[in-house]
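The structure appears below as structure tokens.
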Amino acid sequence: MTVPRLAILAGGGALPIAVADGALAEGREVVVFGIDGEASDEIARFRHHTIRWGEIGKLLDLLKREEIGEMVFCGSVTRPDFSSIRLDFGAIVHLPRILAMMVGGDDTVLQRVITFFEERGIRIVGAHQVASGLVARPGVLGRILPQRRHDEDIACAFEAVDLLGRLDIGQAAVAVGGRVVGVEGVEGTDRLVRRIIEMRQIGRLRWKGREGVLVKAAKVQQDLRVDMPVIGPATIEVVSQADLAGIAIEAGRVLILEREATIDMADKAGIFLVARQRKIDP
Numbered sequence: 001m002t003v004p005r006l007a008i009l010a011g012g013g014a015l016p017i018a019v020a021d022g023a024l025a026e027g028r029e030v031v032v033f034g035i036d037g038e039a040s041d042e043i044a045r046f047r048h049h050t051i052r053w054g055e056i057g058k059l060l061d062l063l064k065r066e067e068i069g070e071m072v073f074c075g076s077v078t079r080p081d082f083s084s085i086r087l088d089f090g091a092i093v094h095l096p097r098i099l100a101m102m103v104g105g106d107d108t109v110l111q112r113v114i115t116f117f118e119e120r121g122i123r124i125v126g127a128h129q130v131a132s133g134l135v136a137r138p139g140v141l142g143r144i145l146p147q148r149r150h151d152e153d154i155a156c157a158f159e160a161v162d163l164l165g166r167l168d169i170g171q172a173a174v175a176v177g178g179r180v181v182g183v184e185g186v187e188g189t190d191r192l193v194r195r196i197i198e199m200r201q202i203g204r205l206r207w208k209g210r211e212g213v214l215v216k217a218a219k220v221q222q223d224l225r226v227d228m229p230v231i232g233p234a235t236i237e238v239v240s241q242a243d244l245a246g247i248a249i250e251a252g253r254v255l256i257l258e259r260e261a262t263i264d265m266a267d268k269a270g271i272f273l274v275a276r277q278r279k280i281d282p
């Protein structure tokens with residue numbers, strides 16, 4: 001059976017590059033479609049095209065010309081200012097559908113985008129399906145072990161993430177001393193941890209040494225084909241600055257960028273990094 005050619009619709013950050021490298025390592029033919037103003041210049045390492053917001057017709061034509069059978073969405077994107085978008089003919093043809101797709105929360109919008117492409121013969125797959133080496137496996141990653149006192153923080157933060165996910169809000173929470181002190185909103189995990197740093201600086205939060213845990217997990221109802229949670233070296237850096245004791249992630253449902261570098265940074269900072277299976281209640 002012939003493996004279909006893979007498109008990577010690339011937003012910002014390092015994830016699209018890591019997925020492209022991972023997919024190539026697993027024997028896939030890859031074409032990267034970089035969103036102009038979002039995608040890294042590193043997409044030049046691959047067969048690639050650049051797409052501007054509003055160039056729906058161009059994208060659909062290129063997908064057909066490149067004989068794409070599957071596509072991955074990955075990388076960060078900023079919702080554009082629609083008044084500044086120049087629509088091509090293909091976008092104008094589909095404008096009522098496109099406008100309807102943009103209404104709602106992130107999960108709702110992404111599901112509508114998936115349906116749009118799959119109706120046109122492009123199967124949407126997840127990064128974990130084409131670059132399995134990025135997926136967090138269960139266990140302690142690195143040399144630092146979580147202590148018994150951290151288990152309560154981990155359980156507490158996982159419970160908070162469950163609630164956040166059901167409301168389609170965020171994928172991360174911080175717990176210290178058995179209570180949640182911060183949850184992720186639309187601004188992302190990095191900003192969540194920086195709020196913890198700011199609260200410590202003004203004396204709203206106090207502890208000595210390294211305490212507390214950042215937990216990151218997929219939303220309970222999440223379609224893993226889109227917006228799968230990610231950690232990497234930048235996560236370790238900000239967690240270290242916050243004097244948190246460690247990071248717990250959901251095994252099988254979180255991606256790790258630059259795995260070796262991430263684990264090495266955690267070890268050097270004295271931060272534990274653990275991936276745990278999570279029981280999801282319906």
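Residue 59 in the UniProt record's numbering sits at position 59 of the sequence shown, and the numbers go up by one each step.
We put the beta carbon where it would ideally sit given N, CA and C, even for glycine.
For Val30 and Ile68, the gap between their C-alpha atoms comes out near 9 Å. When rounded, the separation of the alpha-carbon atoms in Gln147 and Ile169 is 30 Å. Assignment of Lys58 by DSSP, reduced to helix, strand and coil, places it in the helix class.
Straight-line measurement puts the Cα of Ala266 at about 15 Å from the Cα of Val215. For the pair Leu192 and Ala172, the CB atoms are nearer than the 8 Å cut-off. Short of 7 Å from the beta carbon of Val135, and not among the five residues preceding or following it, lie these beta carbons of its own chain, in chain order: His128, Gly252 and Leu255.
If you draw a straight line from the Cα of Gln241 to the Cα of Thr262, it comes to about 15 Å.
Taking a contact to require three or more Cβ pairs closer than 8 Å, the segment 86–97 and the segment 28–48 do not qualify as touching. Within the segment 159–239, the alpha helix (DSSP H) runs of at least 4 residues that lie entirely inside it are, in chain order, 189–201. Following the DSSP letters along the chain, one finds Ile17 inside the alpha helix (DSSP H) bounded by residues Leu15 to Ala25. By the Cβ rule, the segment 244–251 counts as touching the segment 200–212, because three or more pairs are nearer than 8 Å. If you look at Glu70, you'll find it in the beta strand (DSSP E) that goes Ile68 to Cys74. Collapsing the DSSP output to three states places Val3 in coil. Burial state of Val3 is exposed, judged by a 10 Å Cβ sphere holding fewer than 16 other Cβ atoms. Inter-residue distance for Phe33 and Thr115 is about 19 Å (C-alpha atoms, whole angstroms). Under the three-state reduction of DSSP output, Gly12 falls in the strand class. Less than 8 Å divides the Cβ of Ala23 from the Cβ of Val130. Between Gly90 and Gly11, the C-beta gap is not smaller than 8 Å, which leaves the two residues out of contact.
Counting along the chain, His94 sits inside no alpha helix (DSSP H), nor does DSSP assign it H or E at all. In the DSSP assignment, Val77 falls outside any beta strand (DSSP E) and carries neither an H nor an E.
Between Gly232 and the set Leu273, Arg79, Val226 and Trp207, the nearest pair of CA atoms involves Leu273. Beta-bridge partners of Phe117 (DSSP): none assigned.
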